[in-house]
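Numbering (full-length UniProt numbering), first residue to last: 1 to 215. Cβ atoms here follow ideal geometry from the backbone N, Cα and C, with glycine treated the same way. Report on the following structure.
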């Protein structure tokens, strides 16, 4: 019996979700189409009913991973003051890399140089993912009345992605946690030192400034 459009769409969505997890667990090069389809309980031959290439799947899997992250972040910062929202965002992002088997991961940090050596379609998707993260962070830095909130957002994102990548390369848990903690402290110092558009500082939460001063 021919599958309905709804069933086909659901199958495609399941493949993308499973691929996102496997790609970040095993890497892009080490994961074949057969691996993804087997994990999805489907035959390899059925892959091309849904996707034109592995590269298309990678791009969509990375986008889906981003959707998952932003959904979690939006829920976590809802109703928080600007300072608390930024602190929560940074901590949740870095916490992805504190566990050996996290529930979600950012492909920009998890796949690192593999994205750099991927084809154009994957690179374009990765660049869009980076810009999306910067834009998300810029919304929060703008609310802190930072003079150059866009550049600060870029610096924060670069710090977080770099820390995530380094944490995966760390030889032991102590070094991994240190890389993540150092990144969190660096972001706090960056926010504390950034010029404001007015003399008024955000007073919604003392967390950022207080913790930075204590380091």
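Measuring only the C-alpha atoms, how far is residue 16 from residue 64?
7 Å
Which of helix, strand or coil does DSSP assign to residue 98?
coil
Do you know offhand how far residue 215's Cα is from residue 185's?
The pLDDT assigned to residue 215 is 45, lower than 50, so where the model puts this residue is not dependable, and the model offers no usable value.
For the region 32-52 against the region 64-80, do three or more pairs of beta-carbon atoms, one drawn from each stretch, fall closer than 8 Å, so that the two count as touching?
no
Can you look up residue 146 in the DSSP assignment and give me helix, strand or coil?
strand
So, is residue 4 buried or exposed, given that buried needs 16 or more other C-beta atoms within 10 angstroms?
exposed
Mind checking who residue 222 pairs with in its DSSP beta bridge?
Outside the modelled stretch of the chain, which goes from 1 to 215, sits residue 222, for which no answer is possible.
Excluding the 5 residues preceding and the 5 following residue 221 in the sequence, name in chain order all residues of the same chain whose CB lies nearer than 6 Å to its CB.
The requested residue 221 is not part of the displayed model; the chain covers only 1 to 215.
By a C-beta neighbour count over all protein chains shown, 10 Å radius and 16 as the cutoff for buried, is residue 175 buried or exposed?
exposed
Starting from residue 73, trace the alpha helix (DSSP H) in both directions and tell me its first and last residue.
54-77
Check whether the region 82-97 and the region 33-53 are in contact - that is, three or more C-beta pairs closer than 8 Å.
no
Output the boundary residues of the alpha helix (DSSP H) element that contains residue 14.
5-26
Kindly indicate which three-state DSSP category residue 43 falls into: helix, strand or coil?
coil
Length of the line joining the Cα atoms of residue 83 and residue 191
9 Å
3-residue-minimum beta strand (DSSP E) runs that sit fully inside the region 110-145, ordered along the chain:
none
Would you call the region 165-173 in contact with the region 118-136, where contact means no fewer than 3 C-beta pairs closer than 8 Å?
no
Just mark residue 54 as buried or exposed, buried being the case when its beta carbon has 16 or more other beta carbons within 10 Å.
buried
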